[in-house]
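First residue of the sequence shown? That's 0 in numbering that gives the first Met the number 0, and the numbers climb one at a time after it.
We treat Cβ as the ideally placed atom computed from N, Cα and C, and that holds for glycine.
Okay, so here's the structure we're looking at.
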Amino acid sequence: MKFGRSRSFWKASGGVAGIVILLAILVAVNVIVSSLRARVDLTEENLYTLSDGTRRVLKGLDRKVTLKLFFSSSEPQVPVQLKNYADQVMDLLQEYRKGAGSKVKIEEYDPKPDSDAEEWAQKYGIEGQPMGMMGPPVYFGLVVVAGDTEALMPALDPRTQQLLEYNLTRTIYRVTHPDKPVVGVLSSLPVLGNRQPPMMPGQPPQASQPWLAFADLREDYDLRTVEPTTETISDDISALLLIHPKNLSPKTLFAIDQFLLRGGRLMVFVDPLCIADLESAPQASPYQQPPSASSDLPELFRAWGVGYNATEVVADMSAATRVRGAGNRVEDSIVWLSLTHDHVSHDDILTTQLENLLFPFAGSFTDQTSDEVTFTPLVSSSTQSGGVNAMSAQYGMDALRSQFRQGGVALPVAVRLSGTFKTAFPQGAPEDPAAEGEAAAAPVAGLQSGQSAIILVGDADLLGDRFCVQAVNFFGMQGHQPINDNVNFLANAIEQIAGSSDLIGIRSRGTFNRPFDRVLALEQKARNEWQTREQELTSSLQKTQQQLHEMQDQKESSQRYILSPQQQSAIANFRARELEIKKELKEVRKSLRHDIEVLGIRVKAINIALMPILVTLGGIGYGFLRRRKR
Numbered sequence: 000m001k002f003g004r005s006r007s008f009w010k011a012s013g014g015v016a017g018i019v020i021l022l023a024i025l026v027a028v029n030v031i032v033s034s035l036r037a038r039v040d041l042t043e044e045n046l047y048t049l050s051d052g053t054r055r056v057l058k059g060l061d062r063k064v065t066l067k068l069f070f071s072s073s074e075p076q077v078p079v080q081l082k083n084y085a086d087q088v089m090d091l092l093q094e095y096r097k098g099a100g101s102k103v104k105i106e107e108y109d110p111k112p113d114s115d116a117e118e119w120a121q122k123y124g125i126e127g128q129p130m131g132m133m134g135p136p137v138y139f140g141l142v143v144v145a146g147d148t149e150a151l152m153p154a155l156d157p158r159t160q161q162l163l164e165y166n167l168t169r170t171i172y173r174v175t176h177p178d179k180p181v182v183g184v185l186s187s188l189p190v191l192g193n194r195q196p197p198m199m200p201g202q203p204p205q206a207s208q209p210w211l212a213f214a215d216l217r218e219d220y221d222l223r224t225v226e227p228t229t230e231t232i233s234d235d236i237s238a239l240l241l242i243h244p245k246n247l248s249p250k251t252l253f254a255i256d257q258f259l260l261r262g263g264r265l266m267v268f269v270d271p272l273c274i275a276d277l278e279s280a281p282q283a284s285p286y287q288q289p290p291s292a293s294s295d296l297p298e299l300f301r302a303w304g305v306g307y308n309a310t311e312v313v314a315d316m317s318a319a320t321r322v323r324g325a326g327n328r329v330e331d332s333i334v335w336l337s338l339t340h341d342h343v344s345h346d347d348i349l350t351t352q353l354e355n356l357l358f359p360f361a362g363s364f365t366d367q368t369s370d371e372v373t374f375t376p377l378v379s380s381s382t383q384s385g386g387v388n389a390m391s392a393q394y395g396m397d398a399l400r401s402q403f404r405q406g407g408v409a410l411p412v413a414v415r416l417s418g419t420f421k422t423a424f425p426q427g428a429p430e431d432p433a434a435e436g437e438a439a440a441a442p443v444a445g446l447q448s449g450q451s452a453i454i455l456v457g458d459a460d461l462l463g464d465r466f467c468v469q470a471v472n473f474f475g476m477q478g479h480q481p482i483n484d485n486v487n488f489l490a491n492a493i494e495q496i497a498g499s500s501d502l503i504g505i506r507s508r509g510t511f512n513r514p515f516d517r518v519l520a521l522e523q524k525a526r527n528e529w530q531t532r533e534q535e536l537t538s539s540l541q542k543t544q545q546q547l548h549e550m551q552d553q554k555e556s557s558q559r560y561i562l563s564p565q566q567q568s569a570i571a572n573f574r575a576r577e578l579e580i581k582k583e584l585k586e587v588r589k590s591l592r593h594d595i596e597v598l599g600i601r602v603k604a605i606n607i608a609l610m611p612i613l614v615t616l617g618g619i620g621y622g623f624l625r626r627r628k629r
């Protein structure tokens with residue numbers, strides 16, 4: 000008996016000791032694991048993993064950078080969604096610190112009212128936003144400091160969280176590279192303004208104003224004119240804009256080719272029918288052929304692997320724009336492309352925030368690239384589009400109806416090329432013809448290949464003032480405001496190609512918000528049913544009121560305010576119908592709540608019970624296997 004009790008005691012003691020040992024092991028494992036720096040990003044879109052471009056920028060830092068985050072974390076009126084986003088921003092900043100090592104330092108500030116932190120936030124230019132009628136302002140911004148240079152991100156908006164990594168990396172790059180990038184502009188159009196000949200002899204030449212899209216760019220870039228006859232492109236030019244290039248000589252094409260191969264980046268605007276070119280061309284004689292208003296770079300396009308037809312414009316039934324055509328007649332033109340967010344790439348930093356673009360008479364590109372070059376569409380037409388003759392397009396819809404055919408595929412009107420490009424001049428630089436009796440000089444060898452990036456756009460008119468801005472009068476002061484995202488498209492593109500090549504590769508981040516799609520679908524379904532019932536009720540009410548008015552008009556003036564039996568019956572029927580529809584609305588809402596509650600219970604059950612069930616099944620299976628081995 001004593002032996003049995005002793006055995007039970009030791010058995011119980013062994014069980015307790017086993018539990019204690021197990022807890023000790025769990026604590027030890029947690030301590031060891033918490034000290035490790037290993038991290039695993041299991042989010043679907045790698046939300047907590049830095050892009051390769053960001054990592055390269057951080058590795059290349061040659062000075063210390065301080066990230067100063069100002070957030071009113073102690074303010075009780077801050078919405079929970081904003082606090083959650085602030086946590087996500089801090090998580091991302093920690094990834095930057097880990098990626099840069101000792102080169103990045105993070106400082107957090109809570110700008111409470113009348114505090115030093117609030118004073119510093121205001122000095123930096125971060126403005127507080129009121130959350131209530133009498134509440135203190137809420138601050139949420141970031142300052143990046145490197146030495147004596149600082150840059151500001153004044154408002155961290157959760158709606159632009161996809162651009163957070165790009166904007167932060169760009170800001171870090173700017174403070175560590177404070178000099179303005181040099182951007183060359185080679186154009187057959189007066190985009191930077193030009194000196195026009197005087198109207199009368201003896202008068203000074205008049206200077207035309209630059210296009211507004213380029214006037215704004217001068218604040219951030221050193222814009223430098225490159226003549227269309229140039230034979231060399233300066234080494235200090237980091238990016239080159241080719242705008243409606245026409246009749247370029249072989250030597251100029253060779254200079255562009257070599258600029259690209261040595262790492263310079265290009266943005267090319269070609270146009271099968273340039274309105275600005277047509278309007279600026281001198282009036283031709285009736286017996287002369289009008290000058291061409293199209294532009295093309297066939298030699299370079301072939302080398303880059305791009306197909307482009309300079310005689311064809313894109314027509315799109317779903318992107319038509321209302322314009323005033325021939326004979327002052329208003330029509331919906333399918334060759335003036337009004338492109339929305341559905342027509343742009345949502346995965347690319349350059350276009351993900353663009354909502355509305357206007358491309359009049361745009362050309363398209365086809366992918367004929369090699370394996371070493373990546374062809375990425377940025378802006379495309381819909382599948383209800385096709386190509387039409389450029390000359391016919393300018394005569395309006397009457398000329399287009401007979402030849403337009405939908406191709407069933409989207410046509411890219413703006414693309415990015417990136418990778419290793421081959422030269423368009425494998426034999427070397429083109430030489431002038433040798434004089435008679437002289438031997439031809441040996442061609443100058445050039446670069447044969449090189450890595451770079453190109454942005455191609457099939458329209459040049461989108462940059463013109465009339466297609467992207469409108470004049471406004473504000474208290475007697477003349478100004479301009481954008482009418483679409485054309486200027487933003489240009490600014491985004493130049494920001495990429497004129498900055499670090501690492502910025503081009505930074506992807507658009509996914510969204511941290513992961514809603515329950517089935518719950519939202521159920522809500523939308525019931526909401527649609529509710530709206531249908533509401534419309535039925537409103538329609539029934541209007542019909543009954545109309546009947547009442549008709550009955551009232553038929554009565555004599557002396558009995559205008561006495562209800563007839565017909566009116567009383569109509570009102571009774573309407574009230575009965577109204578009660579019936581209200582009951583149906585209650586059933587719809589009840590079904591909505593029931594479906595959502597059932598789905599919520601299922602989700603909770605899976606989240607709460609699934610893991611214990613899996614652990615239990617694993618333990619049972621492990622025990623079963625051990626017993627079989629015995």
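Test item: CB-CB of residue i and residue j under 7 Å
{"i": "residue 372", "j": "residue 416", "result": "yes"}
{"i": "residue 452", "j": "residue 412", "result": "no"}
{"i": "residue 318", "j": "residue 336", "result": "yes"}
{"i": "residue 213", "j": "residue 191", "result": "yes"}
{"i": "residue 355", "j": "residue 246", "result": "no"}
{"i": "residue 313", "j": "residue 237", "result": "no"}
{"i": "residue 294", "j": "residue 269", "result": "yes"}
{"i": "residue 165", "j": "residue 505", "result": "yes"}
{"i": "residue 381", "j": "residue 315", "result": "yes"}
{"i": "residue 296", "j": "residue 423", "result": "no"}
{"i": "residue 376", "j": "residue 414", "result": "yes"}
{"i": "residue 123", "j": "residue 179", "result": "no"}
Residues of its chain near residue i, where Cβ-Cβ distance is below 8 Å and the 5 sequence neighbours each way are ignored
{"i": "residue 163", "result": "88, 91, 155 and 508"}
{"i": "residue 169", "result": "494, 498 and 502"}
{"i": "residue 9", "result": "Interpretation of residue 9 is limited by its pLDDT of 49, a score under 50 that renders its predicted location unreliable; the figure taken from the coordinates is listed afterwards. Contacts found: none."}
{"i": "residue 250", "result": "230, 428 and 429"}
{"i": "residue 279", "result": "188 and 189"}
Close beta carbons around residue i, own chain, < 6 Å, minus the five adjacent residues each side
{"i": "residue 167", "result": "none"}
{"i": "residue 501", "result": "52, 55 and 56"}
{"i": "residue 286", "result": "No answer about residue 286 holds up, because its pLDDT of 49 lies below 50 and its placement is not dependable."}
{"i": "residue 134", "result": "76"}
{"i": "residue 615", "result": "none"}
{"i": "residue 129", "result": "136"}
{"i": "residue 267", "result": "241 and 455"}
{"i": "residue 138", "result": "69, 71, 110, 120, 125 and 127"}
Host alpha helix (DSSP H) of residue i (start-end)
{"i": "residue 83", "result": "79-99"}
{"i": "residue 487", "result": "485-497"}
{"i": "residue 107", "result": "Counting along the chain, residue 107 falls outside any alpha helix (DSSP H), though it belongs to the beta strand (DSSP E) covering 103-108."}
{"i": "residue 223", "result": "Note, residue 223: premise wrong, no alpha helix (DSSP H); beta strand (DSSP E) at 221-224."}
{"i": "residue 249", "result": "249-260"}
{"i": "residue 54", "result": "51-58"}
Own chain residues within Cβ distance below 7 Å of residue i, not counting five before or after
{"i": "residue 62", "result": "145, 146 and 175"}
{"i": "residue 36", "result": "At residue 36 the pLDDT is 49, less than 50, meaning the model places this residue with poor confidence and gives no usable figure here."}
{"i": "residue 172", "result": "56, 498, 499 and 502"}
{"i": "residue 586", "result": "none"}
{"i": "residue 73", "result": "109 and 111"}
{"i": "residue 60", "result": "99, 102 and 175"}
{"i": "residue 466", "result": "357, 359, 460 and 485"}
Nearest-angstrom beta carbon gap, residue j and residue i [assumed within contact, 8 Å]
{"i": "residue 479", "j": "residue 211", "result": "6 Å"}
{"i": "residue 188", "j": "residue 66", "result": "Between residue 66 and residue 188 the Cβ distance is about 42 Å, and since that is not below 8 Å, they are no contact."}
{"i": "residue 683", "j": "residue 363", "result": "With the chain covering 0 to 629 only, the question about residue 683 has no answer from this structure."}
{"i": "residue 455", "j": "residue 485", "result": "Not confirmed; about 16 Å, so no contact."}
{"i": "residue 292", "j": "residue 265", "result": "Not a contact, Cβ separation roughly 22 Å."}
{"i": "residue 260", "j": "residue 403", "result": "About 40 Å separates the two Cβ atoms, so there is no contact after all."}
{"i": "residue 368", "j": "residue 263", "result": "With a Cβ gap of about 19 Å, residue 368 and residue 263 do not count as contacting."}
{"i": "residue 349", "j": "residue 491", "result": "5 Å"}
N- and C-terminal bounds of the beta strand (DSSP E) containing residue i
{"i": "residue 70", "result": "64-70"}
{"i": "residue 339", "result": "335-339"}
{"i": "residue 306", "result": "305-307"}
{"i": "residue 278", "result": "Note, residue 278: premise wrong, no beta strand (DSSP E); alpha helix (DSSP H) at 274-279."}
{"i": "residue 358", "result": "355-359"}
Residue i beta carbon near the ligand SAH (any heavy atom closer than 6 Å)
{"i": "residue 445", "result": "Ligands are entirely absent from the displayed structure, and the ligand SAH is therefore not among its contents."}
(request) Taking only runs that begin and end inside the stretch 115-198, name each unbroken beta strand (DSSP E) of 3 or more residues, in chain order. (result) Counting whole runs of 3 or more residues, the stretch 115-198 contains the beta strand (DSSP E) stretches 139-145, 148-152 and 181-186.
(request) Within the stretch 365-415, note down every full alpha helix (DSSP H) run reaching 4 residues or more, in order along the chain. (result) Secondary structure remark: continuous alpha helix (DSSP H) runs of at least 4 residues inside the stretch 365-415, in chain order: 389-392 and 396-399.
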